[in-house]
Amino acid sequence: MASMMRMLPEDCKVLRDGANCNILVDQIVPGDILFIEAGESMPLHAAVTTTDKNYLESNNIGLQGTYCVSGRSTGVAVATGDNTILGRIMKQTNSPSKRKSPLAREVTNFIVLICSAVAVVVTAFIIVWSAWLRRKYPDWITVPNLLILCISVTVAFLPVGLPVAVTAGMAVSAKIMRQHRILCKSLDSVETLGSVSTLCIDKTGTLTQNKMLVTHCTVGDTQTTFDEARDALKAYPTGSVSRLWTVAGLCNSGEFDDPAADLPIHERMIHGDATDQAILQFSERLHEVAKLNQSWTLVSEIPFDSRSKYMAKAFRPTNEHVLPHMCPAAGPSTPDILMTVKGAPDVLLGRVNTYLAESGAHVHFDSNVQQHVEDIVQEWAGRGLRLVLLAHKALQETALFSPKDPLGLDMESQMQSGLTLTGLVGIADPLRPGTFDTITTLRKAGIRTFMVEFTSFVLRSNTHDH
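If you want it as structure tokens, here you go:
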């Protein structure tokens, strides 16, 4: 519990007397308005007020310890101290448990069974003695002898060595756990050991190290290595690779930690999920993302959703030359907004109309090119890579406004078609040391293992084979 409490912040930014100020967490009361930014965590339970409008659901509740991965949030404190989940956990851990452990229940049931058998046998002896032996052989078993016989039967039935056997069994189990570097602080914790026949495990962060790195990429439908892409960007700063760099750097929820700017790229802390971190590192290794962000201003965005499997961001250029370079005007109207998209290939491929050729031109995305891209997806997925498709679309800002809500932006309708395939990135996540030996041991023990992961069937099958 001490380590869990150390994960919580000591202070938080709140609204007091009309001004934002940092105060200690123990001074926050229900009703305070909190401001949480990327990299910070909730110091208590708060009702998040800056959420999308969804009239079928209530606003989300951020529990104490909830980590803000990207962006910022505003919430109202609803529970503090012992009224939070961590507070209840601390109460339960500090108070003694009234429930018996599984082993204690089994021992109790065994003792009740033995006592029932003793009672039945002794009762049978007494009935036989009083109904037959006492009348026919009055001098054979007297009343004192009957008492001694009943006590002897009772003692014979009682498992006197049961406590020693149970303690020795738990000590052996604890020794085996120690050999596998599992700390057993008390023998009571061994009591919950049981039989496992099926084990369902997650892949990312469990079987793997959750240290994702982009190892493969394509420009349009052309495969290339990272070194080739970096050299091409240096030789042709306005070539097709620069567009891949632009989309990868802009369509990203990850942010570098400013104090770590002087560290190497792989050592710099990034606020965001593992996929965003890998793509942001990939873009930074190609060229500085900070310079890229200076040329674009965010207009609107669609955050990543596990159901839709994509995210999108719309940008307005601060320099009039950068947008024509990304998307040359194909008609009389001049676009002034760049929409960048990132997501699962199986979801976005059907919305692609053109793709970025190696020369930088936008070419029609026909069935032959689509089949070629799908073959690349299958090949990379067969290697255990996580696939992310990058796309972009140039449009006028007026096209973003919803006809139903003139004050609101409607990016969803622009996402349905007209996308240009910028490229694909393949992200590798190395297995944890000992994962192979662990799965092999589980199989030898007859334990069936299943991987629970929302990825493609090819990727799941490949990971299962590994």
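Counting from 1, one number per residue, gives the positions in the sequence shown under full-length UniProt numbering. Glycine included, C-beta positions come from ideal geometry on N, C-alpha and C.
Spatial neighbours of Arg88 in its own chain (CB-CB distance under 8 Å, excluding positions within 5 residues in sequence) are listed in chain order as Asp82.
A Cβ-Cβ separation of about 13 Å leaves Gly423 out of contact with Leu233 under the 8 Å criterion.
Shown here, Gln223 sits in a strand according to DSSP, grouped into three states. Ranking Ser367, Val352, His362 by CA distance to the CA of Pro324 puts His362 first. Pairing Thr420 with Val352, the inter-Cα distance amounts to about 6 Å. Contact fails between the stretch 216 to 233 and the stretch 193 to 207, because fewer than three Cβ pairs, one in each stretch, are under 8 Å apart.
Within the stretch 222 to 292, complete beta strand (DSSP E) segments of at least 3 residues are found at 222 to 224, given in chain order. Under the three-state reduction of DSSP, Trp140 is assigned to coil, being neither helix nor strand. Excluding five sequence positions before and after Val196, the CB atoms of its chain that fall closer than 7 Å to its own CB belong to Ile447, given in chain order. Residue burial annotation: Thr340 is buried, with at least 16 other C-beta atoms found within 10 angstroms of its C-beta. At a Cβ-Cβ threshold of 7 Å, Lys342 and Cys251 count as neighbours. Judged by DSSP in its simplified three-state form, Ser41 adopts strand. Under DSSP, the beta-bridge partners assigned to Val452 are Asp202. Under the 10 Å beta carbon count, Pro430 is surrounded by fewer than 16 other beta carbons and is classified as exposed. Beta-bridge pairing by DSSP links Met339 to Ala314, Lys393.
With the rule of 3 Cβ pairs closer than 8 Å, the stretch 114 to 122 counts as touching the stretch 154 to 161. Going by beta carbons, Glu358 and Ser240 fall inside the 7 Å limit. Contact check for Trp140 and Leu133: beta-carbon distance about 6 Å, within the 8 Å limit, so the pair qualifies. Around the beta carbon of Gly434, fewer than 16 other beta carbons sit within 10 angstroms, so the residue counts as exposed. By a beta-carbon distance limit of 8 Å, Val14 does not contact Cys200. Their separation comes to about 41 Å. When secondary structure is reduced to three states using DSSP, Lys91 falls in the helix class.
Asn145 carries a helical assignment under DSSP once its states are collapsed to helix, strand and coil.
The three-state secondary structure of His364, taken from DSSP, is strand. For Asp305, DSSP records a beta bridge to Tyr310. The Cβ atoms of Ala428 and Leu385 sit closer than 7 Å to each other. Tyr355 sits away from Gly249, with the two beta carbons spaced by 7 Å or more. The beta-carbon distance between Ile279 and Val425, rounded to whole angstroms, is 6 Å. This is short enough to meet the 8 Å contact definition. For Lys13, the enclosing beta strand (DSSP E) covers residues 11 to 16. Residue state for Cys68 is assigned as coil, using DSSP reduced to three classes.
Residue pairing by DSSP puts His216 in a beta bridge opposite Gly426. For Val388, the three-state secondary structure derived from DSSP is strand. Relative to the Cα of Val143, the nearest Cα in the group Lys136, Ser152, Ile126 belongs to Ile126.
DSSP, reduced to helix, strand and coil, places Ala344 outside both helices and strands of the structure shown, so it counts as coil. Judged by DSSP in its simplified three-state form, Thr108 adopts helix. Here Cys327 is not bridged, per DSSP, to any residue. Boundaries for Thr354: no alpha helix (DSSP H) harbours it, while the beta strand (DSSP E) harbouring it runs 352 to 356, taken from the DSSP string.
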